[in-house]
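A.B. asks: The following block contains the structure, expressed as structure tokens.
Protein chains: 2
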Amino acid sequence: MVDGRLARGERTRTAVLDAAVALATEAGLDGLSLGQLAERLGVSKSGLFAHWRSKEELQLAAIEHARAQWTVQVVSPALAKPRGVRRLFALHESRLAFYSGPRALPGGCFFANAEFEYSARPGPVRDRIAVAFGEWLGLLERLTAEAITEGDLRADTDPHQVAYEIEALGMAAVLQARLAPAPNPDPYHRARRAVLDRLRALCADPDLLPEE
Amino acid sequence: MVDGRLARGERTRTAVLDAAVALATEAGLDGLSLGQLAERLGVSKSGLFAHWRSKEELQLAAIEHARAQWTVQVVSPALAKPRGVRRLFALHESRLAFYSGPRALPGGCFFANAEFEYSARPGPVRDRIAVAFGEWLGLLERLTAEAITEGDLRADTDPHQVAYEIEALGMAAVLQARLAPAPNPDPYHRARRAVLDRLRALCADPDLLPEE
DNA sequence: TAACTGACCGACCGATCGGTCTTATTTCTT
DNA sequence: AAGAAATAAGACCGATCGGTCGGTCAGTTA
Chain A
0 MVDGRLARGE RTRTAVLDAA VALATEAGLD GLSLGQLAER LGVSKSGLFA HWRSKEELQL
60 AAIEHARAQW TVQVVSPALA KPRGVRRLFA LHESRLAFYS GPRALPGGCF FANAEFEYSA
120 RPGPVRDRIA VAFGEWLGLL ERLTAEAITE GDLRADTDPH QVAYEIEALG MAAVLQARLA
180 PAPNPDPYHR ARRAVLDRLR ALCADPDLLP EE
Chain B
0 MVDGRLARGE RTRTAVLDAA VALATEAGLD GLSLGQLAER LGVSKSGLFA HWRSKEELQL
60 AAIEHARAQW TVQVVSPALA KPRGVRRLFA LHESRLAFYS GPRALPGGCF FANAEFEYSA
120 RPGPVRDRIA VAFGEWLGLL ERLTAEAITE GDLRADTDPH QVAYEIEALG MAAVLQARLA
180 PAPNPDPYHR ARRAVLDRLR ALCADPDLLP EE
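Put into structure tokens, the structure is as follows:
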């Protein structure tokens, strides 16, 4: 049987983390204030401390929560595609769709923001972000390597290099979509086009990638 | 004759802005605290208010200061190169050199950090950052267009697209250099390689770009 | 010498920060 | 029915936040 106390706590916990992740994209993971967060949720500040004993614990939990969101909404859909260059490009497209889609976070990309914010602030939060970032780069790299062994991409392709470029082009899109002057052609389209052309140049069978 | 008081004020003003720009790359443009800044400089907090009437004014001044730094240390050296694709690539290299060189800021790139930090925070600070960002993208785009009219790049090249890609690849470098695990091959080398290959594919005369 | 200006300081303000404490309510266990 | 466990609330803490105030001092002008 389910413990009603734990169940209720878990519900609150999830609701708080949802709000924390969203708020962090706007105010920053550090700028996230417990008072504001509590007020936005209609909860007392000390109610938050019942779940996380410090702000840092909440920040780490928020990172974990955002990671889970990312896995479900970005990574998983792409893994449904057949192994190879199609899966790799699907991951890139899935990421861009997440940024511009209806479930998009109010302040852009949680991880991109947090990475820049904490890149020069030693501590557990930075370390956790760095690990998550490394895992993401590793995923891009692994899918690229798979595309090579599948014979989709040329054998002399450097997986690290391709992963670097895809990551760079995707991250810039979410920033420019929020910051660049409106009349600018859709940055998401540019990010898609850039990776598409790059992969097409490395790709043996042009039919594996969309034409346009 | 020079007013000694004004001269002294200008000296401290510059010293404060230098420290403010450096500190902002670590703690964020918002996380920059007047108390900490004053203490680091051996100045009283109220001394700062004699120069800028509010924190926001100081932030805007810091942006202007960083912009001047960027112009002197990144843009100007590149403009010494002959017009065309060489100048464009020199700008990219100059930027990477600034990130990794001896004059590098302690927390990476002032603008990249500030752009992500303020991309979702309406106000004068965000607006100023957005303008500066637009000007930077415009410069990349203009140099690309020049390279086309010079006949260096293929006539069907899209300057916006090239500018987008160069900006993305450069920005990712400074982040990954600080965040990615150390054994990773130099991100600056990856950023250089990526743009070099990209431009080489568009370039009519291969001798205009370095071989390696 | 007197009047004035700009740079700068120390004390202080209300607000908010992260965090602690005590207490009340709800829910499961026995 | 009674107690244990977990969620929450409210009052409160010291520290720090951005910002104001009155005032000192060095240098300029008349």
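If you read the sequences in order, they're chains A and B. For the first sequence, numbering that gives the first Met the number 0 assigns the number 0 to the initial residue and increments by one for each residue that follows. For the second sequence, numbering that gives the first Met the number 0 assigns the number 0 to the initial residue and increments by one for each residue that follows. Each residue gets a CB set at the ideal place from its N, CA and C atoms; glycine is no exception. All figures in this text were calculated on a predicted structure; none of them were measured in a lab.
(1) Ignoring anything shorter than 4 residues or poking outside the region 62 to 98 of chain A, list the alpha helix (DSSP H) runs there in chain order.
(2) Taking 7 Å as the CB-CB cut-off, is Y163(A) touching chain B?
(3) Since E164(A) and L90(B) are thought to touch, with beta carbons under 8 Å apart, how far apart are those beta carbons, to the nearest angstrom?
(4) Would you mind stating whether A146(B) and L152(B) have Cβ atoms separated by less than 7 Å?
(5) Taking Cβ to Cβ, would you say E140(B) is nearer than 7 Å to P158(B)?
(6) Judging by CA-CA distance, which residue of T156(A), A131(A) and G106(A) is the nearest neighbour of L201(A)?
(7) Using a cut-off of 8 Å between C-beta atoms, extract the partners of A193(A) located in chain B.
(8) So which residues on chain B does S32(A) lean against when the C-beta distance must stay under 7 Å?
(9) Any beta carbon from chain A within less than 7 Å of P180(B)'s own beta carbon?
(10) Which stretch, first to last residue, makes up the alpha helix (DSSP H) that contains E211(B)?
(11) Which ranges would you report for the alpha helix (DSSP H) in the region 28 to 58 of chain A if only whole runs of at least 4 residues count?
(12) What does a CB cutoff of less than 7 Å around D185(B) pick up in its chain, not counting 5 residues either side in sequence?
(13) Let me check understanding here. Comparing Cα to Cα, which of V124(B), R82(B) and R39(B) lies closest to V15(B)?
(14) Do we get a CB-CB distance below 7 Å when we pair S118(B) with the residues of chain A?
(15) Please report whether the beta-carbon of F132(A) lies at a distance below 7 Å from any beta-carbon of chain B.
(16) Report the residue from A21(A), E25(A) and R10(A) whose alpha carbon sits nearest the alpha carbon of P121(B).
(17) Cβ of L178(B) within 7 Å of Cβ of T143(B)?
(18) Using three-state DSSP, classify L104(B) as helix, strand or coil.
(19) Which residue from E210(A), Y187(A) and I128(A) puts its Cα closest to that of R66(A)?
(20) Quick one, which of G27(B), F48(B) and R197(B) has its alpha-carbon nearest S118(A)'s?
(21) Closer than 8 Å, Cβ to Cβ, to anything on chain B: give me those residues from the region 74 to 105 of chain A, in chain order.
(22) CB-CB under 8 Å to L207(A), same chain, minus the five flanking residues each way: which ones, in chain order?
(23) Find out if the Cβ-Cβ distance for the pair A21(B), P105(B) is shorter than 7 Å.
(24) Do the CB positions of L78(A) and E114(B) come within less than 7 Å of each other?
(25) State the beta-bridge partners of L178(B) as determined by DSSP.
(26) For the alpha helix (DSSP H) containing L201(A), list its first residue and its last residue.
(27) With a threshold of 8 Å on Cβ separation, who are the neighbours of A131(A) within its own chain once the five nearest residues in sequence on each side are excluded?
(28) Starting from V130(B), follow the alpha helix (DSSP H) in both directions and report where the run begins and ends.
(29) Residues of chain B with a CB under 8 Å from the CB of P186(A): which are they?
(30) Assuming A172(B) contacts A190(B) under a Cβ cut-off of 8 Å, what Cβ separation, rounded to an integer in Å, is found between them?
(31) Which residues in the same chain have their Cβ closer than 6 Å to the Cβ of L47(B), if we skip the five residues on either side of it in sequence?
(32) Nearer than 6 Å: is that true of the beta carbon of D126(A) relative to any heavy atom of the ligand NAD?
(33) Look at the Cβ atom of S93(B), then the Cβ atom of V73(B), and state whether they are nearer than 7 Å.
(34) Assuming H50(B) and R12(B) make a contact with CB atoms under 8 Å, what is their CB distance in whole Å?
(35) If I measure Cβ to Cβ from A203(A) and keep anything under 6 Å in the same chain, skipping five residues before and after, which residues do I get?
C.D. replies: On the basis of the coordinates in this document:
(1) 75 to 78
(2) Against the first sequence, residue 163(A) aligns to sequence position 164. At least one chain B Cβ lies under 7 Å of Y163(A).
(3) Reading the first sequence from its first residue, position 165 is the one you call residue 164(A). Reading the second sequence from its first residue, position 91 is the one you call residue 90(B). Between L90(B) and E164(A) the Cβ distance is about 19 Å, and since that is not below 8 Å, they are no contact.
(4) Walking along the second sequence from the start, residue 146(B) turns up at place 147. Walking along the second sequence from the start, residue 152(B) turns up at place 153. A contact, by the Cβ cut-off of 7 Å.
(5) Sequence index remark: in the second sequence, residue 140(B) carries index 141 (1-based). Sequence index remark: in the second sequence, residue 158(B) carries index 159 (1-based). Cβ atoms of E140(B) and P158(B): closer than 7 Å.
(6) Numbered from its first residue, the first sequence carries residue 201(A) at position 202. Ranking T156(A), A131(A) and G106(A) by Cα distance to L201(A) puts T156(A) first.
(7) One-based indexing of the first sequence puts residue 193(A) at position 194. The answer, in chain order, is Q160, Y163, E164 and A167.
(8) Position 33 of the first sequence holds residue 32(A). Chain B residues near S32(A): none, gap ~12 Å exceeds 7 Å.
(9) Translated into the one-based positions of the second sequence, residue 180(B) becomes position 181. For P180(B), the answer is yes, since a Cβ of chain A falls inside 7 Å of its Cβ.
(10) Residue mapping note: residue 211(B) aligns to position 212 of the second sequence, counting from 1. Here E211(B) belongs to no alpha helix (DSSP H), and DSSP marks it neither H nor E.
(11) 33 to 40 and 44 to 48
(12) Here residue 185(B) corresponds to residue number 186 of the second sequence, with the count starting at 1. Cβ neighbours of D185(B) beyond the five flanking positions: none.
(13) Here residue 15(B) refers to the residue found at position 16 when the second sequence is read from its first residue. Cα-wise, what sits closest to V15(B) is R39(B).
(14) Indexing the second sequence from 1 puts residue 118(B) at position 119. Closer than 7 Å: yes.
(15) Numbered from 1 along the first sequence, position 133 holds the residue referred to as residue 132(A). Output row for F132(A): interface = yes.
(16) Numbered from its first residue, the second sequence carries residue 121(B) at position 122. Of the listed residues, the one whose Cα sits closest to P121(B) is E25(A).
(17) As a first step, residue 178(B) is located in the second sequence; it is residue number 179 there, counting from the start. As a first step, residue 143(B) is located in the second sequence; it is residue number 144 there, counting from the start. Cβ atoms of L178(B) and T143(B): not closer than 7 Å.
(18) Residue numbering aside, residue 104(B) sits at position 105 when the second sequence is read from its first letter. In the structure shown, L104(B) sits in coil (DSSP, three-state: anything other than H, G, I, E or B).
(19) Position 67 of the first sequence, counting from 1, holds the residue named residue 66(A). When only C-alpha atoms are compared, the closest one is I128(A).
(20) Numbered from its first residue, the first sequence carries residue 118(A) at position 119. Closest by alpha carbon: G27(B).
(21) P105
(22) What you label residue 207(A) is simply residue 208 of the first sequence in a count that begins at 1. Within the same chain, L207(A) has close Cβ partners G83, V84, R85 and D151.
(23) For the purposes of this step, residue 21(B) is taken as the residue at position 22 of the second sequence. For the purposes of this step, residue 105(B) is taken as the residue at position 106 of the second sequence. Yes, these two residues count as a Cβ contact at 7 Å.
(24) Here residue 78(A) corresponds to residue number 79 of the first sequence, with the count starting at 1. Here residue 114(B) corresponds to residue number 115 of the second sequence, with the count starting at 1. The answer is no: Cβ separation not under 7 Å.
(25) In the second sequence, counting from the first residue as 1, residue 178(B) sits at position 179. L178(B) is not bridged to any residue.
(26) Position 202 of the first sequence, counted from the first residue, corresponds to residue 201(A). Residues P186 to L201.
(27) The residue given as residue 131(A) occupies position 132 in the first sequence. Within the same chain, A131(A) has close Cβ partners I62, R66 and F110.
(28) The residue given as residue 130(B) occupies position 131 in the second sequence. Unbroken alpha helix (DSSP H) run through V130(B): P123 to T148.
(29) The count along the first sequence starts at 1 and reaches residue 186(A) at position 187. Ordered by position in chain B, the residues that pass the 8 Å Cβ test against P186(A) are Y163.
(30) Here residue 172(B) refers to the residue found at position 173 when the second sequence is read from its first residue. Here residue 190(B) refers to the residue found at position 191 when the second sequence is read from its first residue. Between A190(B) and A172(B) the Cβ distance is about 4 Å, and since that is below 8 Å, they are a contact.
(31) In the second sequence, the residue the question calls residue 47(B) occupies position 48. Result list for L47(B): L33 and A37, in chain order.
(32) Although the ligand NAD was asked about, the structure shown includes no ligands whatsoever.
(33) Taking the second sequence and counting its residues from 1, one reaches residue 93(B) at position 94. Taking the second sequence and counting its residues from 1, one reaches residue 73(B) at position 74. Contact flag set, yes.
(34) Counted from its first residue, the second sequence places residue 50(B) at position 51. Counted from its first residue, the second sequence places residue 12(B) at position 13. At roughly 6 Å, the Cβ-Cβ gap stays under 8 Å, so H50(B) and R12(B) are in contact.
(35) Taking the first sequence and counting its residues from 1, the one referred to as residue 203(A) is at position 204. Taken in chain order, the list of residues that qualify is empty.
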